[in-house]
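Only one structure is covered here, and it is reproduced in the block below.
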Amino acid sequence: MPSLSALDAAWAAERWPLTLERVATLDAASEDAAPGAGLSVVVPDDGGALAWRHDPARVAPALVARLQARLAAFLTDLARGAPVAEASVLAPDDRSDLRSWNATAAALPPEETIHAAIAAQVRRTPSRAAVVAGRTTLSYAALDARANRLARLLARRGVRRGDLVGVLADRDADLVVALLAILKAGAAYVPLDPEFPADRLAFMTEDADLRLVVAKRRTAPAAPVAAERLLVLDDVELALAAEDGDAPDTGAERDDLAYVIYTSGSTGRPKGVMLEHGNVLNFMAGMDAHLRPGADPGTWLAVTSISFDISVLELLWTLARGFTVVLYAGDDRRRPAAPPAAAPASAAGGAHGAGAHGAHAPLELSLFYFSSDADEPGQRYRLLLEGARFADAHGFSAVWTPERHFHAFGGLFPNPAVAGAAVAAITQRVRIRAGSCVLPLHHPIRVAEEWAVVDNLSDGRVDISFASGWQPDDFVLAPANHAERNEVMASGIETVRALWRGEARTFDGPDGRPVTVRTLPRPVQPELPFWVTAAGNPATFRSAGAMGANLLTHLLGQDLVQLEAKVRAYREAWAAAGHPGRGHVSLMLHTFVGPDPDAVRAIVRGPLRGYLQSSAALMRQYASSFPAFRGTDAADAASLDAAFRGMAEADLDALLEHAYERYYATSGLFGTVDEALATAERVRAADVDEIACLIDFGIPTDTVLAGLHDLARLREALAAAAAPSSIPDLVARHGVAHLQCTPSMAQMLVADAAGRAALGSLERMLVGGEALPRELARTLAALVPGEVVNVYGPTETTIWSTVQPLRGEAVDGTAPVVAIGTPIANTEAYVCDEALQPLPAGVPGELVLGGAGVARGYWRRPELSAERFVPDRIAAAVGVAPAVTDGRLYRTGDLTRWGSDGVLEYLGRLDFQVKVRGHRIELGEIEATLDEHPLVRQAVVVARPGEGGDARLVAYVLPAGAERPGTAALRDHAAARLPAPMVPHAYVVLDAFPLTPNRKVDRRALPEPAADDRDGDADYVAPSGDLEATLADVWRRVLSVERVGAHDDFFALGGNSLLAVFATTEVAKRGYRMTLAQLLGAPTVARLAPLLTPVPGAGEQRRAAAGTAA
Amino acid sequence: MAMAVRPPARRRDGRGRRRGGVMAVAAGVAVTAAAPLPPGAVHLAWVPIGATDTDLAHDRALLGADERARADGYARADDRDGFIRHRAGLRRLLAGYLGTAPQDVRFALDPGGRPRVASPAPNDLRFSTARRGALALVAVARDLEVGVDVEVVRRDLPVAALAAHALDPAAHAAVVAAADPVHAFFEAWTRLEAGLKVAGVGLAEAERRRAGGRPGRAAAVRLAGRRRTGGSGGTGGERGAAGGRGGGGSGHRASHDGPMTTPGFTAVIMAGGQGQRFWPLSTVDRRGSPTPSCCSPAAPGA
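Have a look at this one:
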């Protein structure tokens, strides 16, 4: 009888004893409540009337009157013939309370859709910054135009009104563009978090039947769809530019879907919640009423993954109301600690560098020596050696030296192995690279040997880029190889790598006799990391990718746009061949960075002009953009060269100056650190991994060395730009005034000084998504100068459904968890019993929500939808305004209670109600009790399956300070305050709780308690007899455990084959013979003991062993 | 320029026998299409088993009933969770090669006690896996027996006694004589275990054979001895520990400082063809980078 249990609960909650007295007649009853009881209901045997006797000091007369009215209402319903389950326990005053608490009718925003609401804001403040992400800022107008273009492109790719489109994007400005564009295209978005496990992504993609997935280049590999259903934002810039910047009209309306968010199901299968534009517009109305954004509401820091619906407030409501939204890119704590392919990468050789391309891999810088023809006798190698030392100490990734023959230009470096050996001897960490080794000029054995020496000298830092040769004269070293040099290089690479690996190779010896050889010394690296040097030929890029080679290239004869396309082809070929990782692209650029832009120009002008003049090919390249040669085919070398020869000196000089200007602007890394940073970002955008900085092109050595400091600053800036900013950084940098986060994240902010400082500058903070512990609420209220609001709501009723500002009673009250407040606009809230009957104030029950926020249901899950979304019969019965209800209610599964003031109190999840020894237990209550312990910052209690279907309670606590609370202290604390069945069985002290991507405590990821954490162990059976005790003693030692019972399994306690051998030797020491087979067959002390036989003559040992065991 | 390069894994030596080449495979990556694994190649992958690497509940759901029961049998939480993550990772990896879903992979033991994929059948996939501490490795090949073993190099064990018991006399002597007997023992031990896995011989059986007065018969034992006689005796461990692998500043190397950097591991991967011919492919040093072993693949059955 749920209704009566409700009465019972009301009394129990008030913590005064109720007695039922049976008397023969009322006359016989005393006038007072029974001794010790606050209230006695006196039931006479003769029927007719009940007497209520109460102690007015403990029970208010008004409450007794209310209880009497509820009983009267209940009895009246019964008298009318209502089934017990449907009889109401609401007194007329309770009904009127519920009506007033649910009087939430409010006007909706005028727009039909979310994107229309944002478009209205675009018209109001087109030039205001809308989205700030990293170094990108989009104004409202720019955001709108870009989203319009993308919406049109989506339509071109087949997206229609009503479709579902997946979003698998990084947290950058394009994330917001993508969400908005999908809505503008008339479709609904489905967040796909790149951090989710692959099978979960695959399930969601399949289940949602996505028309398209919008991704970034980095996240695209995780997209479980075929290429034709994938749109990679980095790859469609040109296509976007071609689209119209006006909004497409798709005719979407309020009841079109806006997003489908997958949430974890209790069955383990995620379910998609379908939200409509109207749901979100109503939510906007609710937030408008509570948060009252003004005309210029300031900056909001958006920290939440889009797979958590509260991001809709951060990204869409804010943009409909004129906020500037700063995107927090997230931390790395949930990412795999290292890109997985990388660890054994050196085994694959070609996978070298595969791991460097994670989310935030910065563009690397290395030094590349090519040498000019300006000779500086006496200090020819000073720049090489000092530069290498500098590179080694300042985070540069490599030092490259070339192979050049018979020419002053490059003349310092005929053999990169020799130069590399010198660099190896004076550096500790930079990679030593041949750039390039012209393989057709040499015997592969020689190359392998020389570099194996360098590999040993450098302790495994050798990389080689192979080239096929470009200077025909060089082939005097191996004339026969010139014609087939590409093929010779390909097979040579193969041979060098095999020799490097230690494989034997057979070559022709004297008289055609085959000689099999192996390379000595053995190199340190098991596989040779290798590059292929590519000029501009796309085929070389593809073949390098196919063979798993890294790539070295330059900007002679190709520009960045062309290079980007070739790099893409390289990556595709790499992936298609099945190599792990994605390869590494190094781009050679003439480099000089200095503090003064004009000085830099002055320094590089002469040497660069000299360099350009020396290269006919380069002059041809730039001539085509010179007025005199416009329209000339740059490939027509002969006629151009003839034209050059015929030019007047002044004209030639003008051409040279033009070439220099073009080269300076487009093909080098020049200028101040900031200017070079902009260039580097363009290079990064072409998907290049490393700039190989060519530094020795004729600038005096001292000038170059001085400039290296600025180059190092550039490298640091690149690394810093790639590193994600913290929340406190962003708050300070952007003057953030508004923040919404989960209590778990708030807890982390409170925990460090920078976080507290950030909280100290907020005008408003929303905290929600988990129960808000009172202690944290107090801390936040004290730290945040503005308003702190506790918000509550399931995804199924659109983001937040109730709101509780943290002031007064909400902060100072005594309940361990802060109240969740009152329903927002057009939202009904009821606390119901199991028969879905509304309950009055003070009675715990399931929170049931109705109104304009109620979702359409679960995607393709009609049974589940029918179970959780039920017809609203309560509004009419109670008399709630029809304007508020939409005819359906959502059962939240949350346990709540109305306070007498109409404020909802959160008591916990109904799922977290567990049965322990037959008692119904609220985990939230146990957590709240542990939270009160002075050494505890936060507690989480979970029920783990135990014996016979009973739950075993495990408490996880974060210490409040340096001192860690002990198990005994925690148990005593709980036992003193909670009934025995609610006292946890095990206590685990953690430094941090695992969090879900949504930054809630991930209860499922909490570790199992170790054996030591267990509070007693009913299964323990002490070993019996000397031999069992001896064995148990051996196991304790071998397995490093505290206690070994007679029936504990050796392998379950952590035993393995090595420890089994160890146990065998230890048992032998104690005078018994035990074979591995015996241990494997009988892995418990009790089963093993009877099988063992004493070693003859080892009695002494046995006695000694028995002595130790005792 | 045109490249005519054959993948090393397909190369044959003069006698026409396939040679293996170890190739690293990304860990934790679910391969959606069947991954290319040419005959003769051995792929080595590591499985991320750190506490925040994977969703434990999700991983558990991938396991079979017998695996879950085994997981539940562990007394220590880290053993249990490591087992769950290890098995789930193994399933993900194999599923990539098999073109199936991780939870659909069924295992069986062959007559030699080696684990096999029973379903989907038929398949020619061979694999071996080992986990110790924070390191879980998987070796995968086609039509080629593989064995992998990994140990944490513990300094608190009486290695002389263990070597006397578990290794053949020559290997035992080599361990005792080594400059670092502890490391030498663990190297010999992982070699022994990896070899046993290739051979499909249980440890108990190997012990029985040794005790039965037939030292040297068990292939793995002989192998362990050969290891000592053939090489420098050093491993990549010392080199790795010296920090020569590049610090965090050298971008593409920095990733080596990932979960596998916990010092003090030894691991061995072996592969074998027909009969009892097998050879060590690679030793994983303390920092987790495979380094060449002394008896590299060029000398099978030598």
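Heads up: the protein sequence lines correspond to chains S and H, in order.
No gaps in the numbering here: position 695 of the first sequence is 717 in our numbering, and each next residue is one more.
No gaps in the numbering here: position 172 of the second sequence is 176 in our numbering, and each next residue is one more.
Cβ atoms here follow ideal geometry from the backbone N, Cα and C, with glycine treated the same way.
On a predicted model such as this, the values are computed, not experimentally measured, just so you know.
- By the Cβ rule, the segment 201-215 of chain H counts as touching the segment 107-127 of chain H, because three or more pairs are nearer than 8 Å.
- Chain H places no beta carbon closer than 8 Å to that of Glu1064(S), leaving this residue out of the contacts.
- With respect to the 8 Å criterion, Arg251(S) and Asp185(S) are not classified as neighbours on the basis of their beta carbons.
- Nearest CB-CB separation between Phe1084(S) and chain H: below the 8 Å threshold.
- Rounded to the nearest whole angstrom, the CA to CA distance from Leu736(S) to Glu408(S) is 19 Å.
- When 8 Å is used as the limit between beta carbons, Leu461(S) is near no residue of chain H, the shortest such separation being about 12 Å.
- One Cα belongs to Val254(S), the other to Ala237(S), and the distance between them is close to 5 Å.
- Excluding residues up to 5 positions away in sequence, Val421, Val445, Thr449 lie with their Cβ nearer than 6 Å to the Cβ of Ala410(S) in the same chain.
- Taking 8 Å as the cut-off, the Cβ atoms of Ala739(S) and Leu699(S) count as close.
- Closest in C-alpha terms to Asp184(H), from the list Pro40(H), Arg158(H), Gly276(H), comes Arg158(H).
- For the segment 146-167 of chain H, residues whose beta-carbon sits nearer than 8 Å to a beta-carbon of chain S comprise Glu155, Leu161, Pro162, Ala165, Leu166.
- At least one CB atom of chain S sits nearer than 8 Å to the CB of Ala170(H).
- Asp673(S) and Gly628(S) have their C-alpha atoms roughly 18 Å apart.
- With the rule of 3 Cβ pairs closer than 8 Å, the segment 105-122 of chain S does not count as touching the segment 309-324 of chain S.
- Selection Gly524(S), Ala898(S), Trp339(S), Lys1091(S) evaluated against Gln762(S) yields Trp339(S) as nearest (Cα-Cα).
- C-alpha of Arg195(H) to C-alpha of Val1060(S): approximately 22 Å in a straight line.
- A distance below 8 Å separates the beta carbons of Phe488(S) and Phe552(S).
- Approximately 4 Å separates the beta-carbon atoms of Thr613(S) and Cys715(S); this is inside 8 Å, confirming the contact.
- Selection Ala220(S), Thr241(S), Tyr281(S) evaluated against His137(S) yields Tyr281(S) as nearest (Cα-Cα).
- Taking 3 residues as the shortest admissible run, the segment 885-918 of chain S contains the following complete beta strand (DSSP E) segments, listed from N- to C-terminal end: 891-893.
- The beta carbon of Tyr78(H) falls within 8 Å of a beta carbon belonging to chain S, placing the residue at that interface.
- When secondary structure is reduced to three states using DSSP, Trp322(S) falls in the strand class.
- With distances taken between CA atoms, Glu386(S) lies nearest to Ala702(S) out of Ala702(S), Arg1026(S), Pro827(S), Ala1111(S).
- The contact set of Ser1079(S) on chain H, defined by CB atoms closer than 8 Å, consists of Glu197, Leu207 in chain order.
- Beta-bridge analysis with DSSP links Asn572(S) to Trp553(S).
- As DSSP reads the structure, Pro860(S) sits in a beta bridge with Cys854(S).
- Within chain S, the C-beta atoms nearer than 7 Å to that of Ala81(H) come from Pro1029, Glu1030, Pro1031, Ala1032, in chain order.
- By alpha-carbon distance to Thr951(S), the top candidate from Asp581(S), Val212(S), Arg999(S), Arg913(S) is Arg999(S).
- Membership of Arg135(H) in any alpha helix (DSSP H) is not indicated; the residue belongs instead to the beta strand (DSSP E) covering 129-136.
- Close to Asp85(H), with beta-carbon spacing below 8 Å, are these residues of chain S in chain order: Pro1029, Glu1030.
- Excluding residues up to 5 positions away in sequence, Asp194, Ala195, Leu349 lie with their Cβ nearer than 6 Å to the Cβ of Ala155(S) in the same chain.
- Nearest Cα to Ala660(S) within the set Arg564(S), Ala73(S), Met641(S), Pro1029(S): Met641(S).
- At a cut-off of 8 Å between beta-carbon atoms, Gly1076(S) makes contact with chain H.
- Nearest Cα to Asp278(S) within the set Ala207(S), Arg343(S), Gly808(S): Ala207(S).
- At a cut-off of 8 Å between beta carbons, Asp184(H) makes no contact with chain S.
- The DSSP-derived three-state label of Val1060(S) is helix.
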